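Only one structure is covered here, and it is reproduced in the block below.
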Amino acid sequence: MSENLNLLAEQRRAVILDEVRRRGGVRVNELTKRLGVSDMTVRRDLDALARQGAVEKVHGGAVPPAEASSHEPGFEAKSGREQGAKESIARVAAELVAPGTAIALSGGTTTYALAQRLVEVPELTVVTNSVRVADVFHRAHEGRQGRATVVLTGGVRTPSDSLVGPVADAAIASLHFDLLFLGVHGISARAGLSTPNLAEAETNRRLVAAARRVIVVADHTKWGTVGLSSFAPLSAVDTVVTDEGLPREAREELAERVESVLVADAPPVV
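The letter at position 243 of the sequence shown is residue 243 when you use full-length UniProt numbering, and the numbering goes up by one with no holes.
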């Protein structure tokens, strides 16, 4: 009997954890209705998840555990997160790019996914401070006609394989491009766009200043996250491309501050 109860508890906690990650937080009274259990049972489940470090308890519910604002995960660690959402975002963002356009792609795993969809768009000029993004175009276009012209900025490499610092900043300052596709560590109404890396913040400022239109590609988990350094307010963003996991309230808040919000549906299951 105890094994069945433990299994049920594990199932409940999996549901709770999924809700916290998907929505950015949950309330006890919502979980009691969703799970059909008492307040006390939900609070015990939250206590157990908090002890594991999976959630952070707050008054009346729980939110994702807070990371230090200066913590910067490496590229490989980030690439395993929200892969389906990133692919959906990349699919929608790629539709915004016309042949012959001059575009910039910042570092990040979502822009990396986007780069893989842009290799078939002819005659692009691509400015990037991402080693990974540059490699995507190099591998795809080696020995082919109509390939993209890729400008890699140079600079000092970050844990997320972006090139930043004075060399990158100087290269970007002399350029102008039609569209900037910007991956972000965090996006919020209060802090705007932010990153845990101070040098990357300055390089991102240069990218934003050089772009005619700024398009942020960010999955729902980035909403409400605040890194050490803000580099642009939401008013500097023209379009946000996100996924359907972003709560309705967050979409409405974004829509008040940027020109357009594009929500990518999940790809069909084949």
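Beta carbons are placed, not taken as given, at the ideal position from N, Cα and C, and that holds for glycine. If you're wondering where the values come from, they're calculated on a predicted model, not measured in any experiment.
If you look at Lys-86, you'll find it in the alpha helix (DSSP H) that goes 83-94. The beta carbons of Ala-218 and Arg-91 sit no closer together than 9 Å. Contact check for Ala-199 and Val-156: beta-carbon distance about 7 Å, within the 8 Å limit, so the pair qualifies.
In the same chain as His-138, and ignoring 5 residues on each side of it, the C-beta atoms closer than 8 Å to its own belong to Val-150, in chain order. When only Cα atoms are considered, Ala-191 and Thr-111 end up about 21 Å apart.
The C-alpha of His-220 is placed about 17 Å away from the C-alpha of Ile-16.
In the three-state reduction of the DSSP assignment, Asp-243 falls in the strand class, which pools E and B. Rounded to whole angstroms, the Cβ separation of Glu-82 and Gly-100 is 32 Å, and the two are not in contact under 8 Å.
In the three-state scheme derived from DSSP, where H, G and I count as helix and E and B as strand, Ala-209 is classed as helix.
Put simply, the backbone Cα of Val-26 is about 10 Å away from that of Val-58. Take Gly-154, set aside five residues on each side of it, and the residues of its chain with a beta-carbon closer than 7 Å to its own are Leu-163, Val-167, Ala-168, Ala-171, in chain order. Assignment of Leu-228 by DSSP, reduced to helix, strand and coil, places it in the coil class. By DSSP's assignment, Glu-56 forms a beta bridge with Val-63.
Contact check for Gly-186 and Ser-194: beta-carbon distance about 5 Å, within the 8 Å limit, so the pair qualifies.
Within its own chain, the residues whose Cβ lies closer than 8 Å to the Cβ of Ala-232, once the five positions on either side in sequence are excluded, are Gly-192, Leu-193, Asn-204, Arg-205, Val-208, Val-214, listed in chain order.
For Val-127, there is no enclosing alpha helix (DSSP H); the residue is found in the beta strand (DSSP E) stretching over 125-128. Per DSSP, the beta bridge partners of Ala-102 are Thr-125. Annotation: the continuous alpha helix (DSSP H) that includes Asp-39 extends over 39-51. Cα atoms of Gly-224 and Ile-103: separation of roughly 27 Å, rounded to the nearest angstrom.
Setting aside the 5 residues that flank it on each side, His-176 is surrounded in the same chain by Ala-210, each with a C-beta closer than 7 Å to its C-beta; the list follows chain order. Taking all protein chains in view, the Cβ of Asp-18 is surrounded by fewer than 16 other Cβ atoms within 10 Å, so the residue is classified as exposed. Residue environment analysis places Leu-118 among the buried positions, since at least 16 neighbouring C-beta atoms fall within 10 angstroms of its C-beta. Of the candidates Asp-47, Ser-229, Glu-87, Asp-47 places its Cα closest to the Cα of Ala-9. If you draw a straight line from the Cα of Val-42 to the Cα of Glu-95, it comes to about 44 Å.
Between Val-216 and Ser-235, the C-beta spacing is not below 9 Å. Contact annotation: Leu-152 and Asn-129 have beta-carbon atoms nearer than 9 Å.
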